[in-house]
Structure formats: C-alpha cells, structure tokens
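Heads up, the thing below is written out as structure tokens.
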Amino acid sequence: MLQRTDLGISLLNSLTVAISTAVASTLIALPAAYALSRFRFRGKRAASEVLLGSQMLAPIMLVLGLSQMVSGLGLTDTRLALVLLYSAFQVPFAVWMLRGYFDAIPIEIEEAARLDGASRLRIIWSVALPLSLPAVAVTATFAFITAFNEFVLALTLLRSPANFTLPLQVNALTAGRYAVDWPDVMGAVLMASLPVLFIFCGFQRYMVRGLRRSLGVT
Amino acid sequence: MQRGKSTKSSLGLDGEALQNRHTLLLLIAPSAIVTAVIALIPVLLLVRMSVSQISRFGKIGDYIGLANFIRLAEDPALPDIALRTGLWTVSVVAGTILIALPTALILNRPFFGRGLAQFLILAPWAISVTSMAVVWRRALGDEAGLVNRLASTIGFSDPSITWLGSTSLSFSFEILIAILVSVPFSTVIFLAGLSSIPTDLDDAARLAGAGAIGKLKYLTLPLLRPFIWVVLIFNVAYVTNSFPIIWILTQGGPAHRTDILITYLYKLAFTFGRLGEAAALSLVMLCGLGVVTVLMLRMIERSDYA
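From first to last, the protein sequence lines stand for chains A and B.
Residue 738 in my numbering is what sits at position 132 of the first sequence, and the numbering runs on without skipping anything.
Residue 247 in my numbering is what sits at position 87 of the second sequence, and the numbering runs on without skipping anything.
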C-alpha cells in the first residue's frame, strides 16, 4: 500500500516541512519574545495587543497574494515555499507563547547574573536560554503540528505529487475520483494522524501548561 | 489576571538606556520584519491585482479602477454566500463555546479517569482537519457509508440516506464537524482560565452559602470573561476561514449552496480564474476581519486582559 499510494514520500515531505518550520519559527520568535517580556518600553501594551490580534490573520485570506509572491520568487511547487510561509505565519503565535514563559521565569535570576558582571548577551545565552528550553520545546511542537496538518497553502502551491504533504495526499486519494479506494485512504489518514498523536501524547501536559502561561496564568 | 511581578522590574539602568534601546530593536527585528513581509507584500499584490485587468493565468494588465469590485458586487451568488458565512461563523463559534465551557467545568474537578477523559477530549486537536473531514465524508457517504451501515445493523430497514445529498443537511453536518474540531483548543483555554480562579475564593463562596448555579453565575463566569474573549479571538478568524471541512465534504456545492466566503474566494481564484474579483473579495474580507479584530481587542481591554 505504501508504494501504491506514495505515502512514504508524503510522510517524508511532511516531516521535512514540519521540522524545518518548527526550528525556523522558534528561532525567529525567541529574541522578540525575550525582549517583550524583559524590556520596559513605550507601546508595550500595544505590542501585546498587536500580537494577540495578529492571531486572526489567516493565511487563506491572503492565499492569492501569497501564491503570486511565491511564483514571483520562482518557488512555486517547492517545499521550501511551504517552510517559508508556515514559519512566517507561525511567528506571532510563537512569540506570544514564549513571552508567557519568559514572564514566568523570575527576573531575579538574571539580575543576580548581572551583578556578577555578565553582559546582557551573556545573560541571554547562558541564563535565560537554558531556563526557557522547555518553552522552546513546547513552542516548536505547536509549530510542528500546525505545519504537519496545514492544507490550504499546500493545496495551492504544490503541483507535483512528489512534493505532496500528507494532508494533500489524503485529499488527492479521495477528491474528484469516481471510485475511491477507501482502505488506502484510511491507511493514509492513519499515517497522517499517528505521528502527531504520539507527539501529543508525550507533550500534552506541557502544551496545556504552556498555553496557561501564555494566557497569563501560572 | 495574575501576573508575575517580575515583569515590572527592569534590568536596565538609566545610563544604559540608549544601548538598551538598540538591543531591544535588534531583538525584535527578526520577528517584526518577517511578520511585516508576510502580511504586507501579499496585501500589496492583492491591491494591485484588484485594480488591474488580469488574465486567467495571473498576467497583470491595464489599470481598470474599481471595475473588479463592481463586478464582485454584482455577483448574484455573493449575498447568499455572505449570509451563510455569518450563519456558519455564529453557529460554529456559539456551539463551540456551549460545548467547551461545560466540558472545561467538568474536567476542572477531580474524578476517576479524569486524565483519560482530558486526553480523549484534547487529542483530536492534534489530528489534521483534513483527515477528520475525509473520515466524516466516508462515514456520511451513501450506501457503503458507516452511518448507514450502523443504522442497518441496529435494524432500520432502509438506511440508504444520502446524508450529503441534501444541501441543508450537509451544511448542518459541516457545522457540527466544525464545532467538534474547534472544541479541544477552546476547552484548553477555558481550563487555563478556571485554574486561575483561586480555590479559597471558591471555598469562601461555598461557605457563604452559594449554590452551584449561584457560584457559576456570580463567581466563575465573570472571572472567566477575559478567557471567553480569547476563545472568541482565536475562533472567529479560524472558523471564518475554516476551509478543509467544506472543501472536502461538498466543495461548496451543489450550486454554491454550501459555500462560505472563503471557499468561494478559493474557487473564484483557482477554479473559475476570476482573479481580479478574487483579489477584491480578499481585500474586502481582510477589512472586515480587521474591523472585527479591533472591536474585540477593545472589548478585551475593557475586561482587563493583555
């Protein structure tokens, strides 16, 4: 069945795209989250509202502009395009999530390091970052699952079956076919669901706790 | 809402204010640039497309002013679809809250098997909506569909109902599925809200003689209000733009009667090749969602969150 339905390739594509997205979006978001949590500046409140508001910006509304942008860059039908778009759209959520975590880490630890003469970059690198590793893991997991499951952008940007991600493959096995081979489809659904379910099993408690932090509850 | 007091103190000393400012900008720059690029460039491209003559294949031609918007406004299918989008959003969001809130209230108190229950309720969040929709399409399909087979096993004589054949029935099913899909995430947010209510407040209310309903009405719900707004923020956009369920179950058909704006937008752009009108519709929807977002943020501010 694996060969008949190209599921192996799709699984590989999905994993590649999702892992790259998780790494990229978290790395981009990390400094901003730290800054929003630790610095005092004018417009901080506005910044956190923009952050919450930008959760409403859905990629599908921009899908036409995005596909033009991607074709302008010559990236149509590439997995790289998906990684770039997914990462960018994941950044606001990642910043929001990570900031909640940083807020929960007592600043006194950093102040102690500062009194010992550590520079700010040094503090970020060897004090704040290690303490926030669990947060980084949770945020990356969120990004992974979102990217692993995304449908619309993949449907729009990918053409060749060799690049299909799992949701696209699942759809391709059913859409517009007169006779659908349901056992194959269910196999594909299972394969698209099991990896994320396993991850969710392992991370459930941390993800729920992470959301609580980001909502301002410790 | 509880906040760590740590956020109020600052590392910065006065003499270093300037250096601090540079560090701040440096730290925020990557996220700000990425977000700006991903939001602004597509919007600018959409603006250009919406005021241009444009071929099926995306070749941009002459400037034609607002012709695309006018053509869009004259589209006979659009009023129905806009109304249906409103119905869709309101039903799905209301249904989600009506299920997620009691679920969270139940999960918030200890009982045997709570861990398992919580897992079963939250786990579907991790599964892709696409997969869910495909499974539902299988379950609701005619003769060989699971629901019909189940009905015949129980003993109904003629179970070959085509669940997705009638438009109103299939749209109702799509709403139900959309609710099921959004419940887990909303439940988590409500659970977070409930855990922010100090237990001594709860105890005090009980000692003062408040019944379960009184406690819910005067203590729990008011304290949960900011979280209800957060659930709304996350859900309204998500639901308005929820695409895979409708796309996979009915593709908006027959004759646009299960279309919502976002599926229609997709068809305009990628099936009918009416790219100019699609760009115009995108912009109109963006403006609409922007207004809603600002209004909701105002409300949140009033209920003291952020």
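A virtual CB, placed ideally from N, CA and C, is assigned to each residue, including glycine.
None of the values given here were measured: they were computed from a predicted structure.
Quiz item: If you compare alpha carbons, which of B:T327, B:L392, B:P358, B:L441 is closest to R417 of chain B?
Solution: B:T327
Self-check item: Contact with chain A by L457 of chain B, beta-carbon distance below 8 Å
Solution: For L457 of chain B, the answer is yes, since a Cβ of chain A falls inside 8 Å of its Cβ.
Quiz item: What number of angstroms, rounded off, separates the C-alpha of I634 of chain A from the C-alpha of Y223 of chain B?
Solution: When rounded, the distance between both Cα atoms is 38 Å.
Exercise. Give the straight-line distance between the Cα atoms of E756 of chain A and M675 of chain A, rounded to the nearest whole angstrom.
Key: 19 Å
Practice problem: Quick one: grab the DSSP three-state call for D419 of chain B. | Solution: Judged by DSSP in its simplified three-state form, D419 of chain B adopts coil rather than helix or strand.
Quiz item: In this structure, does DSSP put G371 of chain B in helix, strand or coil?
Solution: coil
Quiz item: Three or more C-beta pairs closer than 8 Å, one from the segment 661 to 680 of chain A and one from the segment 204 to 223 of chain B: is that the case here?
Solution: In this structure the segment 661 to 680 of chain A touches the segment 204 to 223 of chain B; the number of beta carbon pairs closer than 8 Å is three or more.
Practice problem: Using a Cβ-Cβ cut-off of less than 8 Å, give me the residues of the segment 215 to 232 of chain B that come near chain A, in sequence order. | Solution: G218
Exercise. Spell out whether any CB of chain B is found under 8 Å from the CB atom of P637 of chain A.
Key: yes
Practice problem: Pick helix, strand or coil for V623 of chain A, following the three-state DSSP scheme. | Solution: helix
Quiz prompt | Short Cβ contact (8 Å threshold) for L351 of chain B with N268 of chain B | solution = yes
Quiz item: On the three-pair Cβ rule with 8 Å, is the segment 641 to 658 of chain A touching the segment 684 to 704 of chain A?
Solution: yes
Exercise. At 8 Å on the CB atoms, spell out the chain A contacts of V472 of chain B, in chain order.
Key: This structure does not reach residue 472 of chain B, given that chain B is present from 161 up to 466, and the question cannot be answered.
Quiz item: Got a sec: is the Cβ-Cβ distance from A798 of chain A to anything in chain B below 8 Å?
Solution: Yes - at least one Cβ of chain B is within 8 Å of the one on A798 of chain A.
Quiz prompt | 7 Å Cβ cut-off: residues of chain B touching R648 of chain A | solution = Neighbours of R648 of chain A on chain B: none; closest Cβ ~11 Å, over 7 Å.
Exercise. For A641 of chain A, return the contacting residues in chain B, with the cut-off set at a CB-CB distance below 7 Å.
Key: L184, L187, I188
Self-check item: Cutoff 8 Å: N268 of chain B Cβ touching any chain D Cβ
Solution: You won't find chain D in this structure, because its protein chains are A and B.
Quiz prompt | Contact set between W297 of chain B and chain A, taken where Cβ atoms lie within less than 8 Å | solution = Residue 297 of chain B is actually Arg in this sequence, not Trp. Result: T780.
Exercise. Return no unless some Cβ of chain A is closer than 8 Å to the Cβ of I201 of chain B.
Key: Chain A has a Cβ within less than 8 Å of the Cβ of I201 of chain B.
Quiz prompt | D612 of chain A (DSSP reduced to helix, strand or coil) | solution = coil
Quiz item: Y378 of chain B bridges to which residues according to DSSP?
Solution: In the DSSP output, where bridge partners are listed per residue, Y378 of chain B has none listed.
Quiz prompt | Neighbour flag for A664 of chain A against chain B, beta carbons, 8 Å | solution = yes
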